[in-house]
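From first to last, the protein sequence lines stand for chains W and F.
Sequential numbering from 0 applies to the first sequence in numbering that gives the first Met the number 0.
Sequential numbering from 0 applies to the second sequence in numbering that gives the first Met the number 0.
Don't be surprised by glycine CBs; every beta carbon is placed ideally from N, CA and C.
Notes to accompany the following structure.
There are 2 protein chains.
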Amino acid sequence: MPEPELIDHAGLDSVVYIRIYLMGLKIFVPITLLAFAVLVPVNWTGGTLEQIKDLTFSNIDKLSISNIPPGSKRFCAHVLMSYIFTFWTFYVIYKEYKTTAFMRLQFLASESRRPDQFTVLVRNVPPDPDESVTEHVEHFFCVNHPDHYLTHQVVYNANKLANLVAKKKSLQNWLTYHQNKYERNPSSKPTTKTGFWGLWGTRVDAIDYYTAEIGKLSEEEDKERERVINDPNAVVPAAFVSFKSRWGAAVCAQTQQTSNPTIWLTERAPEPRDVYWDNLAIPYFELTIRRLLVAVGLFFLIFFFMLPIAFVQSLASIEGIEKVFPFLKPVIEMKFIKSLVQGILPGIALKIFLIVLPIILIIMSKIEGFTSLSSLDRRSAVKYHLFLLVNVFVGSIVTGTAMDQLKTFLNQSATEIPKTIGVSIPLKATFFITYIMVDGWSAIAAEILRLVPLVMFHLKNTFLVKTEQDRDQAMDPGCVDFATSEPRIQFYFLLGLVYAAVTPLLLPFIIVFFAFSYTVFRHQIINVYNQKYESGAAFWPDVHRRLIIGLIIAQLLLLGLMSTKEARELTPLLVALPILTIWFHVFCKGRFESAFVKFPLQDAMVRDTLERATDPNLNLKMYLQDAYIHPVFRGGELERPEIIDEEEDNPLVPTTRNSQKSQSKYSSDVSSGAGS
Amino acid sequence: MPEPELIDHAGLDSVVYIRIYLMGLKIFVPITLLAFAVLVPVNWTGGTLEQIKDLTFSNIDKLSISNIPPGSKRFCAHVLMSYIFTFWTFYVIYKEYKTTAFMRLQFLASESRRPDQFTVLVRNVPPDPDESVTEHVEHFFCVNHPDHYLTHQVVYNANKLANLVAKKKSLQNWLTYHQNKYERNPSSKPTTKTGFWGLWGTRVDAIDYYTAEIGKLSEEEDKERERVINDPNAVVPAAFVSFKSRWGAAVCAQTQQTSNPTIWLTERAPEPRDVYWDNLAIPYFELTIRRLLVAVGLFFLIFFFMLPIAFVQSLASIEGIEKVFPFLKPVIEMKFIKSLVQGILPGIALKIFLIVLPIILIIMSKIEGFTSLSSLDRRSAVKYHLFLLVNVFVGSIVTGTAMDQLKTFLNQSATEIPKTIGVSIPLKATFFITYIMVDGWSAIAAEILRLVPLVMFHLKNTFLVKTEQDRDQAMDPGCVDFATSEPRIQFYFLLGLVYAAVTPLLLPFIIVFFAFSYTVFRHQIINVYNQKYESGAAFWPDVHRRLIIGLIIAQLLLLGLMSTKEARELTPLLVALPILTIWFHVFCKGRFESAFVKFPLQDAMVRDTLERATDPNLNLKMYLQDAYIHPVFRGGELERPEIIDEEEDNPLVPTTRNSQKSQSKYSSDVSSGAGS
């Protein structure tokens with residue numbers, strides 16, 4: 000499948016995501032060839048390790064920088080190679096940034112008319128004693144964007160309603176389940192208990208009971224729906240404001256509206272399915288407090304996460320269990336069970352924490368107040384990347400928990416830290432090779448077999464699935480989990496960059512990982528995954544920044560390593576590298592980042608002009624009317640209090656939306672079929 | 000003089016500048032009272048210094064934190080006070096930021112129509128093979144801002160022409176000088192030599208010679224002027240684009256024009272007299288390279304500036320002179336001269352460097368490529384502040400040059416650095432009190448007497464002044480030199496914040512400094528200074544940021560000091576302070592900074608509407624036509640190749656400009672009269 004077709008099929012996000020793997024190959028294949036051609040012979044003939052008596056070393060060590068005697072002139076080769084590797088990486092990631100920016104711009108330019116092109120999300124609408132939110136918004140934009148303002152949609156605080164809808168859906172599901180049961184076996188009428196989860200209470204006829212309950216809920220839901228629509232307090236101070244042209248929307252999204260920058264905040268609206276509705280109403284001051292708390296929380300999560308785990312582990316030991324549950328003592332004291340408990344328990348707390356970690360990070364990002372699912376994912380990825388850096392990378396190299404490391408590093412000088420880590424780098428090569436195979440390769444093998452989804456599906460099927468609808472849901476193939484998988488890729492980039500000049504033998508393993516992943520994920524994206532949202536590769540600046548962080552870490556560690564090797568005259572040369580890298584980052588940021596965060600007026604104007612020529616009768620107001628309504632209102636139940644326009648029966652737009660919907664349903668059917 | 004009148008008279012920049020001193024008083028008067036009420040008694044009764052035998056100490060030391068025994072509970076008072084001081088500072092600088100932002104917005108709203116309100120500076124216009132720059136600009140903005148684009152002015156590369164004009168002016172000056180001489184003494188016709196500076200060459204009649212030279216130059220100038228106007232290569236790829244409304248200009252300045260963010264860069268145009276013309280044509284890539292080089296250069300300037308000075312000093316020693324000029328040996332060996340040379344020479348190189356430093360910093364900022372004089376000043380202030388921090392503050396506390404300090408700090412741990420500095424803080428109190436008196440108080444005394452300008456004026460009068468015009472120039476009173484004086488104020492803020500909790504006795508000296516400065520500078524601004532440009536207090540975010548830096552340094556040093564005092568349980572409390580401070584900075588930045596960098600659409604719209612109502616016949620195009628032309632073209636000599644508009648004879652606007660001009664001339668007359 001060629002790339003343009005792939006973009007049509009799976010969206011730009013997915014395509015750019017698999018390009019990260021491709022970029023890994025582009026970076027590391029030439030580096031590996033060069034390292035094997037130059038560094039391996041230089042290291043191999045270093046001959047230090049053989050001279051030291053009483054030292055066991057593997058051939059891997061003989062191929063690494065450890066085999067070069069201190070103060071040797073051969074280190075020039077490593078410094079030179081480090082320069083070449085850096086510049087090659089610059090070249091590749093510059094080109095990738097350029098390509099991605101181009102792809103994004105082309106994607107944005109080529110995609111069909113979408114509501115978010117015309118819409119701006121306005122937050123922190125100031126309260127007005129005389130006007131409702133909707134009037135206030137309308138007046139403000141009529142005055143300040145008189146030639147461009149078209150319409151707007153207010154945001155309802157529909158959390159309670161959403162709860163009711165979800166509850167009703169669950170009851171409906173139970174009703175279907177009991178009806179099915181009754182149809183299959185008409186002899187016994189199914190019964191249920193009225194208490195919690197049907198576990199206790201008086202026994203009643205299930206079908207009657209659920210029908211009655213649903214009836215009650217429906218009434219309640221209608222009442223709540225009416226309240227939400229009519230109560231002015233149910234409207235949060237945020238709105239989706241739509242403009243007559245893309246130009247008008249681009250202007251409004253990029254400019255400041257009033258002299259107080261904490262009210263009337265405008266940003267380009269996320270696409271409707273990408274909106275995270277709960278966060279639209281956070282005032283500015285609360286937002287800054289939340290960010291502070293989350294930052295402090297993240298610090299503690301990263302550096303002190305071992306504390307609660309150690310506590311749980313101490314409780315979950317044999318002695319702990321015997322203390323709390325004395326009656327279990329005879330069982331536990333059995334030799335088989337005792338060894339099992341001792342073997343499994345300490346690890347299990349850590350494992351559970353690591354599984355729960357992405358969820359914790361997503362919750363933290365939600366607390367931070369981002370308004371779209373894609374930005375939540377991106378923020379979580381930032382946090383996960385930090386966690387991996389500190390706890391997996393540094394944690395594997397330096398012994399002790401992150402807390403101990405923090406204490407050590409605080410008491411070490413700025414020049415001492417890279418030395419401490421750098422010295423251990425060559426020694427850990429074998430460990431990381433194993434890590435790549437165990438964690439990287441096997442994860443991909445599991446991905447292609449879809450082991451985890453298979454197990455999850457069967458678990459759900461056994462315990463939770465009651466109706467056909469449930470089964471469909473359980474079979475949902477999911478999507479690329481950007482928040483956790485991208486930081487993991489970055490970890491392999493980091494390993495590759497760090498070891499390129501130190502132990503080149505690690506590089507082929509990285510290459511195999513990237514090649515293997517690329518093939519597998521390409522396949523999954525084509526045949527399995529569903530797309531949750533489309534952000535147009537908005538995550539690329541993050542990917543680029545993390546690569547730069549990897550480069551700088553690699554350079555600093557090499558600097559630290561070199562300074563212990565009595566190669567003093569070479570260190571100034573290595574100091575220049577991180578400075579160059581930071582400059583390169585600033586340069587790329589200035590050159591490309593705005594393609595991902597801003598919306599150029601020229602492109603907007605071109606599309607507006609084109610559309611005016613091809614589709615002069617378009618009723619944009621009608622098209623945008625219902626684009627941004629809370630998902631619980633979808634289904635036409637929202638009564639509109641607005642005056643109905645005379646052009647409202649224009650059928651142009653609903654058709655487009657229906658066809659889009661049916662198309663996405665089709666692709667989901669296809670992929671879920673392939674995934675099961 | 001009340002504040003609004005002062006703003007009218009001296010501009011917002013000056014008024015806000017003296018408010019910095021006022022803010023110093025607002026911060027430090029309550030802090031001083033509290034410190035004297037609480038900390039001084041606590042310290043005085045500490046009684047440690049008296050117990051130590053063989054220790055000479057002053058009463059100042061008895062009032063400082065040194066008098067408290069290690070591990071004492073009394074440190075709670077210092078920590079508590081440090082919190083109170085921090086929050087009080089927060090309160091004051093928050094209010095000041097708010098007031099300044101409000102003043103700026105009001106100032107911008109109230110000022111009369113000005114060209115920069117309608118104009119956007121466009122840089123990096125991409126080359127086009129088919130069109131000239133002016134056509135390209137016009138087409139681009141006609142297409143992308145069709146409803147708002149009005150006109151534009153290209154920028155000519157008139158550096159050569161400017162040189163010619165300057166040369167002609169100097170010759171003219173000589174001519175006037177000789178004519179005056181001849182008039183006073185008609186008997187001897189003045190002569191001059193044709194060579195360099197009139198020092199050698201054949202002797203000729205001066206008046207004839209200069210008249211001929213001026214004639215030649217005028218011809219050359221005319222030719223060059225014609226070339227600049229007609230040669231398409233003399234147009235740099237930048238333009239001042241004007242819009243029909245303030246709204247249109249605000250939109251264009253804040254949005255991105257094309258998908259390539261390195262071309263068609265738009266920013267709000269500086270006011271005409273604020274433009275730094277030489278930097279308008281730097282391409283994006285060159286700009287990033289320049290910034291990198293200047294950053295590296297600044298690092299070396301700050302940390303290694305002692306190297307060349309030490310080199311000069313070694314040359315300028317008695318032995319060095321004797322080596323290079325052996326014939327001077329008998330003179331130098333005389334006892335009086337020898338001691339003079341030994342006493343003065345080592346200091347003189349350093350003194351010259353410190354006088355030249357602001358010029359070096361301004362040149363560095365010019366290399367960085369900023370396009371307005373005000374931003375050049377602001378950037379130089381950033382650099383000067385860093386220099387003062389490293390070389391004066393840290394340099395006075397820790398012995399050794401900045402280079403040595405850098406080496407020490409690199410080899411110290413992150414927790415060790417604040418300790419090293421913090422421990423020395425109480426010991427240096429006497430030194431800094433002397434410093435405040437010698438450097439701060441005396442500088443202000445010199446300022447009120449205008450000693451430096453007086454000396455400079457007499458020097459110039461004796462050696463350089465030849466004509467009346469020269470004398471006028473020498474009598475120019477100058478203006479507030481923001482780039483050097485603001486960082487110096489910040490230094491006193493820093494001292495006050497650092498010593499507030501350590502040696503409160505220093506605070507009254509700071510207060511005297513601020514009170515004295517406020518009175519003096521207020522007087523100078525009212526009666527003496529000329530205004531060079533008006534940026535509308537655009538420097539305030541920098542002032543705020545530097546105050547925050549001062550606060551954080553003070554907090555870290557107190558933390559370092561405390562951790563040596565065996566008050567371990569108090570340190571976590573102190574760690575929270577810098578985090579809070581950083582959060583406060585982020586909060587203030589989000590809350591107020593945009594008032595200084597962005598231009599809200601609402602305000603623009605209000606002013607546009609108002610103007611349309613009050614002045615419906617305004618010919619804006621005529622008004623903006625000549626607003627942004629290079630100063631060498633001023634004087635009506637620029638032939639305009641454009642087509643003349645039919646409405647061009649509207650007399651409305653020139654009147655306004657003339658009245659403005661005459662007004663500024665009037666105020667300059669007044670102030671120069673007062674200054675002499």
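Taking DSSP as the reference, what is the three-state secondary structure of residue i?
i        : result
F/Ile628 : coil
W/Asn649 : Residue placement at W/Asn649 is poorly supported in this model, since its pLDDT is 40, which falls under 50; the coordinates still yield a value, given next. Residue state, collapsed to three classes: coil.
W/Leu493 : helix
W/Pro189 : coil
F/Glu266 : strand
W/Leu617 : coil
F/Val501 : coil
W/Phe538 : coil
F/Arg272 : helix
Could you check the C-alpha separation between residue i and residue j for me, to the nearest Å?
i        : j        : result
F/Ala9   : W/Phe538 : 49 angstroms
W/Leu405 : W/Phe303 : 10 angstroms
F/Leu409 : W/Val355 : 39 angstroms
F/Ser395 : F/His584 : 28 angstroms
F/Ile331 : F/Lys337 : 5 angstroms
W/Ile552 : F/Pro29  : 47 angstroms
F/Val234 : F/Gly214 : 27 angstroms
W/Phe35  : W/Lys564 : 22 angstroms
F/Leu576 : F/Gln554 : 7 angstroms
F/Leu120 : F/Leu385 : 30 angstroms
W/Ser81  : W/Leu62  : 16 angstroms
W/His138 : W/Trp263 : 13 angstroms
So is residue i buried or exposed if we call it buried at 16+ other beta carbons inside 10 Å?
i        : result
F/Asn66  : buried
W/Met604 : buried
F/Tyr155 : buried
W/Arg224 : buried
F/Ser258 : buried
When the cut-off is 8 angstroms and only beta carbons count, does residue i lie next to chain F?
i        : result
W/Val652 : Interpretation of W/Val652 is limited by its pLDDT of 39, a score under 50 that renders its predicted location unreliable; the figure taken from the coordinates is listed afterwards. Output row for W/Val652: interface = no.
W/Arg590 : yes
W/Ile642 : Below a pLDDT of 50, predicted positions are generally treated as unreliable, and W/Ile642, at 38, falls in that range; the measurement from the model is reported next regardless. For W/Ile642, the answer is no, since every Cβ of chain F falls outside 8 angstroms of its Cβ.
W/Met305 : no
W/Asp607 : no
W/Val389 : no
Report the option in the options whose CA atom is closest to the CA atom of residue i.
i        : options                                : result
W/Ser677 : W/Lys222, W/Leu21, W/Val203            : Because chain W is modelled from 0 through 675, residue 677 of chain W falls outside the range shown and cannot be assessed.
W/Phe481 : W/Ala536, W/Leu560, W/Phe431, W/Ala514 : W/Ala536
W/Ile206 : W/Glu182, W/Asp602, W/Glu219, W/Ile228 : W/Glu182
W/Phe310 : W/Ile347, W/Arg290, W/Glu285, W/Gly296 : W/Ile347
W/Leu505 : W/Ala294, W/Ala428, W/Gly439, W/Ile301 : W/Ala428
Checking contacts by CB at 8 angstroms: is residue i closer than that to chain W?
i        : result
F/Asp146 : yes
F/Pro3   : no
F/Asp115 : no
F/Ala445 : no
F/Lys597 : yes
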